[in-house]
Amino acid sequence: MNILITGGAGYIGSHACLEFLNAGHQITVVDNLSNSKFESLKRVERITGKQIQFYETDILERVKLNEIFSKNKFDAVIHFAGLKAVGESTKKPLEYFQNNVCGTINLCEIMKKHDVKNIIFSSSATVYGDPESVPIAEAFPLSATNPYGRSKLMIEEILRDLYRSDEKWNVVLLRYFNPVGAHKSGKIGENPNGIPNNLMPYISQVAIGKRKNLQIFGDDYPTKDGTGVRDYIHVVDLAVGHLKALRKIKDNSGLKIYNLGTGNGYSVLEMVKAFEKASHRKIDYKIIARRSGDIAECFADVSLANKELNWKAKRNIDEMCADAWRWQSKNLNGY
Ligand code: NAD
Ligand code: UD1
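Sequential numbering of the sequence shown, starting at 1140, is according to the numbering used here.
Put into structure tokens, the structure is as follows:
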């Protein structure tokens, strides 16, 4: 199939590009490189020996986006493009709504105009807010506590309404849990700007000596060891989930929503131990106060994706840490 991948130069997008190319699809990436480097795509081309058509374009640029759709006949769009830093979103809510929500509306209008009605959207486990229980199933109540999360919820609603208005659309909302790790080659991986907000890139930077120690946000949660528990999923398993979702769309699946996680929860301390084992480095840490907005425990019920997409995450936390470490140690300053 001929696929448009928005945000394809980013962390998850670049891993998805690699899997789509290896599966024999033709791909075009639209990315404004606001949080990524073109180098990621060059490396994907080198690893796969295949080519990517690339447009350095913002999805908010209607005229350019329209031209891209006029020049190409896409079968489906995988929509990763978006801003994703929770803390930043509380300081710049308008930017987040403009980029994520207006960007998606723009994209969908142009897709509609060109009769491209298949879309897979990157949603997040953040749409479950603070869940009443775990594991979290797709039918759980939805809520948001920050502008980033709200932008994801709004986009989900917009895509739902779009499908209701015209059932020729096929929409798959993929709710990712915590993507970590990197491709086995060690050539592509997560490349955060500045100080990482998320656990795994922070631990990786402590391991290479770029940061002094990890600050663990609270050890008084009602969890196995008091630290926060999350469902970490290897980014390659996540990328493969998109391939499976695309297969689903081919059967005119309508509107579908799937959790993409492993179904297992690991604590911060367990992740630190697993990373120490993979890297043979000591991760110094200190316990500090809870981070505002954090929840105790979050992991997925993945039975729906197992059943309907025939997809299951295969890689365990040792592999996640080993691959994250390979990427980080071979690329001390990222791309
Ligand atoms: P990322 O920042 O690495 O990738 C996003 C890409 O989109 C970047 O390359 C950025 O340059 C591009 N982009 C942003 N705004 C754009 C615009 N207006 N026009 C064109 N390109 C634009 O992030 P990621 O971790 O790869 O996440 C991909 C998607 O998955 C995002 O939508 C994110 O919200 C979602 N998600 C990520 C996580 C996670 O933990 N990484 C979890 C849940 C959901
Ligand atoms: C974050 C986002 C969430 C997003 C998810 C997946 C925030 C507040 N939430 O959630 O919206 O959907 O990523 O991308 O950013 N931790 C530390 N020290 C650190 C970093 C993290 O102890 O320096 C802990 C956290 O308290 C948490 C766990 O590690 O218990 C994972 O944190 P993180 O990687 O930021 O992911 P989430 O909090 O799940």
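The beta carbon of each residue, even a glycine, is placed where N, CA and C say it ideally should be.
How big is the Cα-Cα spacing for V1202 and T1196?
10 angstroms
Please list the segments of the alpha helix (DSSP H) lying wholly inside the region 1297-1374, counting only runs of 4 or more residues, in order along the chain.
When DSSP assignments are scanned along the region 1297-1374, the uninterrupted stretches of alpha helix (DSSP H) that are 4 or more residues long and fall wholly within it turn out to be 1338-1346.
Beta-carbon separation of F1260 and A1439 under 9 angstroms?
no
Output yes or no for whether 9 angstroms exceeds the beta carbon distance between F1159 and L1448.
no
Assumed close pair P1318, V1407 - CB separation to whole angstroms, cut-off 8 angstroms:
Their Cβ separation, rounded to whole angstroms, is 16 angstroms, which puts P1318 and V1407 out of contact at 8 angstroms.
Work out the CA separation of N1309 and V1216 for me, nearest whole Å.
About 11 angstroms.
Any heavy atom of the ligand UD1 closer than 8 angstroms to the beta-carbon of M1339?
yes
Span of the beta strand (DSSP E) holding L1180?
Element bounds for L1180: not the beta strand (DSSP E) but the alpha helix (DSSP H), 1177-1187.
If we count the other Cβ atoms within 10 Å of its Cβ and call it buried at 16 or more, is K1278 buried or exposed?
For clarity, residue 1278 is Ala in the given sequence; the question names Lys instead. Exposed.
Which residues share a DSSP beta bridge with S1263?
Y1315
Where DSSP assigns a beta bridge to D1170, which residues make up the other side?
E1195
Outcome for K1291 when other beta-carbon atoms lying within 10 angstroms are tallied against a minimum of 16
buried
Answer yes or no: the CB of V1273 versus the heavy atoms of the ligand UD1, is any distance below 8 angstroms?
no
Drop a sphere of 10 angstroms on the beta-carbon of A1233, count the other beta-carbons inside from all chains shown, and report buried for 16 or more, exposed for fewer.
Ala is not the amino acid found at residue 1233; the sequence shown has Leu there. Classification for L1233: exposed.
Determine the burial state of R1289: buried for a count of at least 16 other Cβ atoms within 10 Å of its Cβ, exposed for fewer.
buried
Considering only their Cβ atoms, is the gap separating G1320 from G1333 smaller than 9 angstroms?
no
Can you tell me whether R1185 is buried or exposed? The criterion is at least 16 other CB atoms within 10 Å of its CB, across all chains shown.
By the Cβ neighbour-count rule, R1185 is exposed, with fewer than 16 other Cβ atoms within 10 Å of its own.
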